[in-house]
Structures are given as structure tokens and as C-alpha cells.
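J.:
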Amino acid sequence: MRQRLLGIFLGLPVLFVPVSVLRAQGLSQTTLINRDAAVYSKDTGKIYLVDTVHNAVIVLSSSKPPSSIEVGASPIALALNPRTGRIYVVDSGSRSVSVIDASTDKVVATVPTAARPYAIAIDEAANKVYVSNTFSNMLSVIDGASNHVANLPTGSADAIVVDSDRHRVYLFGYESDTLTELDPATERTTKIPAGAMHLWGIARAGKTLYVSHVQDASIAAIDLETHALRNLPTGSMPCAIAINKTTGQVYVANYADGTVTILEKEERPTTVAVSPHPQAVALDEAAGLLYVASPQQNTVTVVDTQTRNVRQTYRNLDHPYAVVLMGETHAAYTVNLGNAPFTLLTTRDP
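Numbering (UniProt numbering), first residue to last: 1 to 350.
1) Are the stretch 293–307 and the stretch 216–225 in contact at 8 Å, needing three or more beta carbon pairs?
2) When you compare the stretch 144–160 with the stretch 106–115, are there three or more beta-carbon pairs, one atom per stretch, that lie closer than 8 Å?
3) Below 8 Å on the Cβ atoms is my contact criterion, and I expect Ile33 with Tyr40 to pass it. Report the Cβ-Cβ distance as a whole number of Å.
4) Out of Ala205, Trp200, Thr226 and Ala196, which has the shortest C-alpha to C-alpha gap to Ala217?
5) Any C-beta of chain D sitting closer than 8 Å to the C-beta of Pro341?
6) Report, in whole angstroms, the separation of the C-beta atoms of Leu78 and Val90, which I expect to be a contact under 8 Å.
7) Can you tell me the Cα-Cα spacing of Leu344 and Ala332, whole angstroms?
8) Tell me the DSSP secondary structure of Lys296 in three-state form.
9) Under three-state DSSP, which class holds Glu181?
10) What does the alpha-carbon distance come out to for the pair Met237 and Ser98?
11) Looking only at C-alpha atoms, which of Pro320, Arg311 and Leu283 sits nearest to Gln296?
12) Please look up how many angstroms separate the CB atoms of Gly248 and Glu264, rounded, as I've assumed it's under 8 Å.
13) With Ser61 as the anchor, note down where its beta strand (DSSP E) starts and where it stops.
14) Need the endpoints of the beta strand (DSSP E) that Phe342 sits in, please.
In C-alpha cells, the structure reads:
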């Protein structure tokens, strides 16, 4: 566990941030970061992103200046239930989850967790929120209707994916080569072999779950009904995945190669060179653009998914480790671990 945490905080391949940057922001060398640092609400037309330094969630709108919501200590991740309009914020320093009403942008509840929370995911249909805890084998399960919390001994987990259609929860451990499938109704777990996984390289499309293999140049496509696994070739050290749910194209950022692999049925993989050490991806399906963040290089590369060429590279950014898109306006923002908590890259028509 300790080795895994050090990898998250400082090391490769999860995210490398110079110690000088952490110190300048008043952050310790064991500061947690999470790929789920921002969400977009289609109903409100707003982006919500974490501001870890100021213990806040920043609210971005196309029609109003940025505002902030005070939450617990060291917020690192959040998740939205669009059916209820509730946003759940992981307050890693407070051992709690803050609940925000997106219609008012107010905190309406604070829910304690079993230990220091890290990953979060929501079953929208069941209105259940799942939160993993570092240095703990407990999974905190929050009832979205009552905010009551129950802690289940599912084992250590660093990432969570929820299948709301089948009401299954998938838990990933950074040091494990298996994933755990949880049936919340029975609280039974099943181990599924998946290979050594990268906790940021996870994505689901329908009945298929994609996980990246950090120790070889591939990702696994896992059938969630049969648990059958297919390995798909990528570049070296794949660490982030995005999926076009309309076309089925899969985009994989390869940390060691400085490339993106584009996978498509019946076609050979395509490789696109981007800035070195890419670690996060965000896809604008309507605009046909893939945003690829390289925190070490302070860049975001924009790939045209139709021509499969680099359209633009944004430079001199502030250690961007996540990218979020503002729905119909196609504005792209980065979440940063630097002086500015976010950066507006562009506004773009599809």
C-alpha cells in the first residue's frame, strides 16, 4: 500500500509534479490528486472543479464570472448524479464527502467516510455513491436519498467504476492484477483477472470495461457479463483512456512513448505523436477533438480525431492534470496543480 501511495503522490507513471511546485502551493509531498477532478452538469450548464489549495469547489459558467463553494479540507475528486442534481466532493483531508445541490450551488450535507477518501463513483439509477479509502479495506457507500453511510470490507481500492445498468461496482487496486466486482444487493465480491492496471487508465462503454496495462503495451477489453478478456495493442505504458461511445473508437495516452493510440474495429491501430508524458485525455465527440494533457511539459495537445493529426498544442500551462469540456459551448478547461487552479484553453463551435 505504501508503495502505491508514493506512486500516486510523486512518482511515475501516475503523475510527476516537481517538489518545488508542491511547496509553492503549500502542498505536501504526499498531496493526493485524482483524474476525476472536474465534472460538467448539462442541466445547469456549469463546470465544477476542485481547488485543493483553498478547500473549495470552483464553479464555471459561460454567462457568469467564476465562483467558489467552500467544502472540506483538500478536495480532490467529485462526481455528479444528474438525476438528483447532487454533486459529491471527496474531501481527502477531512475524511468526508461534501454534498452540493447543483440548483443552488450550496453544500447541503457532509458525510463522514471510513478513512481518508480517494476515489468516487455513482450508481445514478440506484442513487448510491461509492467512495474508496486509502490505507483501508473499507468502501464507504452513501445513500443519496438519506446521506446515510455504510462501510463495506471490500478490500483496498484506488479507482471505482459503476455499471448503473447492471448495478455492479468495479474496484481497482494499484498493486493488484485483478479487479473486484461488487454486487451491492448481496454485498458479495468476485475477483476478475485483468493484468497489472493503471488506476487512471479506466473507461467503460456499455458492457465493455477497458483497463490499461502499465507493464506492457496494451489495454484489456473486459466483457462485464462473461468476464472474457481481450488484449489490444497500444504504445508503451498506457495510462489514460477515452471512448467515443457513438463510433466505438478508443483513445489511449501512452506515457512512455509520448503518443496516443487510436483503436477502431476492423482497422489497424493508429499512432499520433503528442507532447511527452501524456497522462490525461478528454474527448469532445461533437467537435471531433481529443485533448491530451502532459503535466510535466505544461502542455495540452489537441488531436483531430477525423484526420488523426495534431491540430494545436497549448504551451506554458500550469501543470494541467485533467481536462473538462463545457457541453454545447465546447469550451475546454484544464485543472492544474500550479498557481492557477484552472485554465480556459478555448471556446469552439463544433
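Glycine residues also receive a C-beta, built at the ideal position from the N, C-alpha and C atoms.
T.: On the basis of the data shown:
1) The stretch 293–307 vs the stretch 216–225: no contact.
2) The answer is yes - the stretch 106–115 touches the stretch 144–160, with three or more Cβ pairs under 8 Å.
3) About 19 Å; that fails the 8 Å criterion.
4) Nearest of Ala205, Trp200, Thr226 and Ala196 to Ala217, Cα basis: Ala196.
5) In the structure shown, chain D does not exist; there is a single protein chain.
6) About 7 Å separates the beta carbon of Leu78 from that of Val90, a gap short enough to meet the 8 Å contact definition.
7) If you take the alpha carbons of Leu344 and Ala332, they lie about 6 Å apart.
8) Reading off the sequence shown, one finds Gln at residue 296, where the question assumed Lys. In this structure, Gln296 counts as helix in the three-state DSSP scheme.
9) In this structure, Glu181 counts as strand in the three-state DSSP scheme.
10) Taking C-alpha positions only, Met237 is separated from Ser98 by approximately 34 Å.
11) Gln296 has its Cα closest to that of Pro320, out of Pro320, Arg311 and Leu283.
12) Right, the Cβ-Cβ distance comes to about 7 Å (below 8 Å), so this counts as a contact.
13) Where Ser61 is concerned, the enclosing beta strand (DSSP E) stretches over Ala56 to Ser61.
14) In the DSSP assignment, Phe342 falls within the beta strand (DSSP E) that extends over Phe342 to Thr346.
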